[in-house]
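S.K.:
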Amino acid sequence: MIDLLPIPALLTPQQCVHWCDALDDATAAPAAVLDPAYGGRVAPQIRRVARLQPPAALQSQAMQLLGALQPQLQAYFGQALGRCEPAQFLRYEVGDFFVAHQDGNTPLLRDASLSRRVSLVLLLNDASLTAQEGCYGGGELVFHPHYSSAAAPSRHTPAAGSLLAFRAETTHEVLPVTHGRRYSIAGWFHAAEPA
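Residue numbers for the sequence shown follow the numbering used here, beginning at 1001 and rising by one.
1) Once you ignore the five residues that flank alanine 1131 on each side, which residues in its own chain have a CB closer than 6 Å to its CB?
2) Just reading off the alpha helix (DSSP H) that proline 1013 is part of, what are its end residues?
3) What does DSSP give as the partner residues of leucine 1069 in its beta bridges?
4) Give the straight-line distance between the Cα atoms of phenylalanine 1089 and methionine 1063, rounded to the nearest whole angstrom.
5) Under DSSP, the beta strand (DSSP E) around isoleucine 1007 begins and ends at which residues?
6) Kindly indicate the opening and closing residues of the beta strand (DSSP E) around glutamate 1173.
7) For cysteine 1135, I'd like the list of residues in its chain whose CB is within less than 7 Å of its CB, leaving aside the five on either flank, ordered along the chain.
8) In angstroms with no decimal places, state the Cα-to-Cα distance between valine 1118 and glutamate 1133.
9) With a threshold of 16 other CB atoms inside 10 Å of the CB of proline 1158, please say whether the residue is buried or exposed.
10) For my contact list, isoleucine 1002 and leucine 1163 are in at a C-beta cut-off of 8 Å; report their separation, rounded to the angstrom.
So this is what it looks like as C-alpha cells:
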C-alpha cells in the first residue's frame, strides 16, 4: 500500500492561474538530479524539466502555504517534522519527464536528502485528454509500491490547486508530457532536529 495524503483545493482556480502567469516570465534552467552541494548535475536522460526562479513574493507565499501544512503532515505520517526545503517551481514541456526515483530517507544516497521525510507535489494547472489552453496532457504522477508488493503502480493526476503528500522514500515518477505545459511545485519536509 502506498501512503498518500491528498489535499484537494489548497489553492483556488484563480490563484493557480495567477501563479502560472507569474511563472511564464520566470527565468528557467534545467533541473539537476542531485543537490548541487553533493555533485548535483543535469542528467536529461533521468530528469528533463525546467526549474523556475519565481518572483520572491511567490516563493514566500508558497513557503507559507507549505509550512502551514506541517501539523497536518506530522499527524498523518506520525513523525515530527522540521524544516521545509525551499519550494522548487517546475515546468514540464512536451516530452519532459522524471524517471522513477526516491526523494530521500534512503541509505542509497548520503547527501542532504537523507533527512527528507515527506515529499509534497502541488499541481498548478489541470490535465486534459486533448490540447486546451492552460492545460497539459500526460505528465501523470506514478507511485510504485514496495518491491516486495504484488500491487500495481498507481497513477495520479491531481486537479489544479491540489497537493499530494507522501513519504520521501516512496518510489515515484512523472510520465512524459504529451501536450501543453505542466506546472507544479515540489517541496520536502525534513526530520525534526534532535532536542
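Backbone N, C-alpha and C fix where the C-beta goes; we use that ideal spot for every residue, glycine too.
M.R.: On the basis of the coordinates in this document:
1) Reading the sequence shown from its first residue, position 131 is the one you call residue 1131. His1179.
2) Within the sequence shown, the letter at position 13 stands for residue 1013. Run containing proline 1013: 1013 to 1024, per the alpha helix (DSSP H) assignment.
3) As a first step, residue 1069 is located in the sequence shown; it is residue number 69 there, counting from the start. Note: leucine 1069 sits in no beta bridge, so no partner.
4) Locating residue 1089 in the sequence shown gives position 89, counting from the first residue. Locating residue 1063 in the sequence shown gives position 63, counting from the first residue. The alpha-carbon atoms of phenylalanine 1089 and methionine 1063 are separated by roughly 11 Å.
5) Taking the first residue of the sequence shown as 1, we reach residue 1007 at position 7. 1004 to 1007 is the span of the beta strand (DSSP E), which, as asked, contains isoleucine 1007.
6) Mapped onto the sequence shown, residue 1173 falls at position 173. Where glutamate 1173 is concerned, the enclosing beta strand (DSSP E) stretches over 1171 to 1174.
7) Here residue 1135 corresponds to residue number 135 of the sequence shown, with the count starting at 1. Counting only Cβ-Cβ distances below 7 Å, and skipping sequence neighbours, we find Asn1125, Asp1126, Ala1127, Ser1128 and Gly1180.
8) Mapped onto the sequence shown, residue 1118 falls at position 118. Mapped onto the sequence shown, residue 1133 falls at position 133. Distance between the alpha carbons of valine 1118 and glutamate 1133 is about 32 Å.
9) Within the sequence shown, the letter at position 158 stands for residue 1158. By the 10 Å Cβ count, proline 1158 comes out buried.
10) The sequence position of residue 1002 within the sequence shown is 2, counting from 1. The sequence position of residue 1163 within the sequence shown is 163, counting from 1. Their Cβ separation, rounded to whole angstroms, is 16 Å, which puts isoleucine 1002 and leucine 1163 out of contact at 8 Å.
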